[in-house]
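Following: one structure in structure tokens, then a few remarks.
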Amino acid sequence: MAFHELQNEPEVILPLDYKGIPKFVQQIALKELGETEATRKKCLKELREKIANEKGLMCDASDDYLLRFLRARKFNTEDAFTLIKSHYKHRLKNPSVYRYWTPRQNVEVMKANMIGFLEKRNTDGTAIYFAKVGLWKPKELSFEQILRFGLICNEKAEDNEITQICGITSITDMKDFSWSHLMYLPLETLKCFVFAVQDCLPVRHKSIHVVNNPSIFALVFSLLKPLIHKKMRDRIHFHGDNMSSLHEHVSPQVLPREYGGIQGTLQTEPFYASLLDSESEFLRRSKYGYEIQTD
Numbered sequence: 001m002a003f004h005e006l007q008n009e010p011e012v013i014l015p016l017d018y019k020g021i022p023k024f025v026q027q028i029a030l031k032e033l034g035e036t037e038a039t040r041k042k043c044l045k046e047l048r049e050k051i052a053n054e055k056g057l058m059c060d061a062s063d064d065y066l067l068r069f070l071r072a073r074k075f076n077t078e079d080a081f082t083l084i085k086s087h088y089k090h091r092l093k094n095p096s097v098y099r100y101w102t103p104r105q106n107v108e109v110m111k112a113n114m115i116g117f118l119e120k121r122n123t124d125g126t127a128i129y130f131a132k133v134g135l136w137k138p139k140e141l142s143f144e145q146i147l148r149f150g151l152i153c154n155e156k157a158e159d160n161e162i163t164q165i166c167g168i169t170s171i172t173d174m175k176d177f178s179w180s181h182l183m184y185l186p187l188e189t190l191k192c193f194v195f196a197v198q199d200c201l202p203v204r205h206k207s208i209h210v211v212n213n214p215s216i217f218a219l220v221f222s223l224l225k226p227l228i229h230k231k232m233r234d235r236i237h238f239h240g241d242n243m244s245s246l247h248e249h250v251s252p253q254v255l256p257r258e259y260g261g262i263q264g265t266l267q268t269e270p271f272y273a274s275l276l277d278s279e280s281e282f283l284r285r286s287k288y289g290y291e292i293q294t295d
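Number 27 in UniProt numbering belongs to position 27 of the sequence shown; there are no gaps in the numbering.
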């Protein structure tokens, strides 16, 4: 897709579903990713050749889909190809996570209103992912269901080129998280979650902000920390209940009032509606992957 010549200044606030690529996002693509028309054409050709030669892999080879992997790895074709292989191998090795891979198969998780994306982007263009972990009711939803839905939300967000270029800012709200949650967190599923987020998703994770974190969260993080790459660890910020600290990274102009913002109560409906509208696309993509080997 060609860049659009829109006169947007840095610090502009865009809606999550903004179409096109504003001027300041074009500049980010060039400066941070080295993206040009020539680079895109060259790398797409190289990546398709690598995919064609990968035994047993059937992959969506459209420009729109492959660009998210190239952007996530700054147009290093070999790294983008490694990410594609990791992405599909993770699906192959974790069939229970990916078995119900459409929005309508995850409506029960939507009812909890605990995961999604804010309606407005941060001033740096990043999409803002949120997870209100304390709303999780383990006797009604398994952690695997939560993991699956989080991955689905991220895949939907990555359909937007601005998100592919600028990345994602995450807010993890630990309010009301307690021991009753901890006992339902299987270590293997936690490992699956961390590996998926940092090694299998075509996502640029720009920063992760933990708010309202109780003392028990230190135990959870101690379990996760050895699994997290240093680059990712350096982007994690702990704010407790200090929303002014959060505002140093995320503009209050885009935040709901529970995080000291001006946007009113957090709304999940707009993003969930866009998810449900993408049902056919998720069904189509679910057919891709590595062939299951049989003896």
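All C-beta atoms in this analysis are idealised placements derived from N, C-alpha and C, irrespective of residue type, glycine included.
Task: Whether residue 239 touches residue 211 by CB criterion (8 Å) - done: Taking the first residue of the sequence shown as position 1, residue 239 is located at position 239. Taking the first residue of the sequence shown as position 1, residue 211 is located at position 211. Their beta carbons are under 8 Å apart, which means residue 239 touches residue 211 by this criterion.
Task: Closest by C-alpha distance to residue 307, when choosing among 110, 33, 104 - done: Residue coverage of the chain in this structure runs from 1 to 295, which leaves residue 307 outside it and unanswerable.
Open item on the list: Within the continuous beta strand (DSSP E) that includes residue 210, where are the two ends?
Closed with: Translated into the one-based positions of the sequence shown, residue 210 becomes position 210. Run containing residue 210: 205–211, per the beta strand (DSSP E) assignment.
Task: Residues that DSSP places opposite residue 173 in a beta bridge - done: Here the question's residue 173 lines up with position 173 in the sequence shown. Partner(s): 132, 211.
Task: CB of residue 13 within 8 Å of CB of residue 253, strictly - done: Position 13 of the sequence shown, counted from the first residue, corresponds to residue 13. Position 253 of the sequence shown, counted from the first residue, corresponds to residue 253. Cβ distance < 8 Å, so residue 13 and residue 253 count as in contact.
TODO: In angstroms with no decimal places, state the Cα-to-Cα distance between residue 31 and residue 246.
DONE: In the sequence shown, the residue the question calls residue 31 occupies position 31. In the sequence shown, the residue the question calls residue 246 occupies position 246. Approximately 26 Å between the Cα atoms of the pair.
Task: Neighbour-count burial assignment, residue 183, 16 or more Cβ in a 10 Å radius - done: Translated into the one-based positions of the sequence shown, residue 183 becomes position 183. Exposed, by the Cβ-count rule.
TODO: Tell me whether residue 95 is buried or exposed, calling it buried when 16 or more other Cβ atoms sit within 10 Å of its Cβ.
DONE: Looking up residue 95 in the sequence shown gives position 95. Result: exposed.
Open item on the list: Once the 5 residues before and after residue 135 are set aside, which same chain residues still bring their CB inside 8 Å of it?
Closed with: Locating residue 135 in the sequence shown gives position 135, where the first residue counts as 1. Counting only Cβ-Cβ distances below 8 Å, and skipping sequence neighbours, we find 112, 113, 114, 176.
TODO: Could you check which residue in 142, 153, 208, 197 has the C-alpha nearest to that of residue 186?
DONE: Translated into the one-based positions of the sequence shown, residue 186 becomes position 186. Of the candidates 142, 153, 208, 197, the one whose C-alpha sits nearest the C-alpha of residue 186 is 142.
Open item on the list: Out of 226, 195, 232, 227, which one is the CA nearest neighbour of residue 297?
Closed with: Any question about residue 297 goes unanswered here, given that the chain covers just 1 to 295.
Open item on the list: Would you call the stretch 42–61 in contact with the stretch 78–89, where contact means no fewer than 3 C-beta pairs closer than 8 Å?
Closed with: yes
- [ ] Less than 8 Å between the CB atoms is what I'm expecting for residue 291 and residue 125, so what's the real figure, rounded?
- [x] Locating residue 291 in the sequence shown gives position 291, where the first residue counts as 1. Locating residue 125 in the sequence shown gives position 125, where the first residue counts as 1. That pair is no contact at about 38 Å.
TODO: Please classify residue 203: is it buried, with 16 or more other beta-carbons within 10 angstroms of its beta-carbon, or exposed?
DONE: The residue you call residue 203 lines up with position 203 of the sequence shown. Counting Cβ neighbours within 10 Å, residue 203 comes out buried, since at least 16 surround it.
TODO: Taking only the alpha-carbon atoms, compute the straight-line gap between residue 99 and residue 33 and give it to the nearest angstrom.
DONE: Taking the first residue of the sequence shown as position 1, residue 99 is located at position 99. Taking the first residue of the sequence shown as position 1, residue 33 is located at position 33. The alpha-carbon atoms of residue 99 and residue 33 are separated by roughly 33 Å.
- [ ] Kindly indicate the opening and closing residues of the alpha helix (DSSP H) around residue 150.
- [x] Against the sequence shown, residue 150 aligns to sequence position 150. Unbroken alpha helix (DSSP H) run through residue 150: 143–157.
TODO: Go through its chain and collect everything with a Cβ distance to residue 63's Cβ below 7 Å, but skip five positions before and after it.
DONE: The residue you call residue 63 lines up with position 63 of the sequence shown. Same-chain partners within the cutoff: 44.
Open item on the list: Only counting the same chain, and skipping five residues up and downstream in sequence, which positions put a Cβ closer than 8 Å to that of residue 85?
Closed with: In the sequence shown, residue 85 corresponds to position 85, counting from 1. Cβ within range, chain order: 54, 57.
- [ ] Take the Cβ of residue 156 as the centre, count every other Cβ of all protein chains shown within 10 Å, and call the residue buried at 16 or more, exposed below.
- [x] By 1-based counting over the sequence shown, the position of residue 156 is 156. By the 10 Å Cβ count, residue 156 comes out buried.
TODO: My understanding is that residue 168 touches residue 206, with C-beta atoms under 8 Å, so please give their C-beta distance in whole angstroms.
DONE: As a working mapping, residue 168 is identified with position 168 in the sequence shown. As a working mapping, residue 206 is identified with position 206 in the sequence shown. Between residue 206 and residue 168 the Cβ distance is about 6 Å, and since that is below 8 Å, they are a contact.
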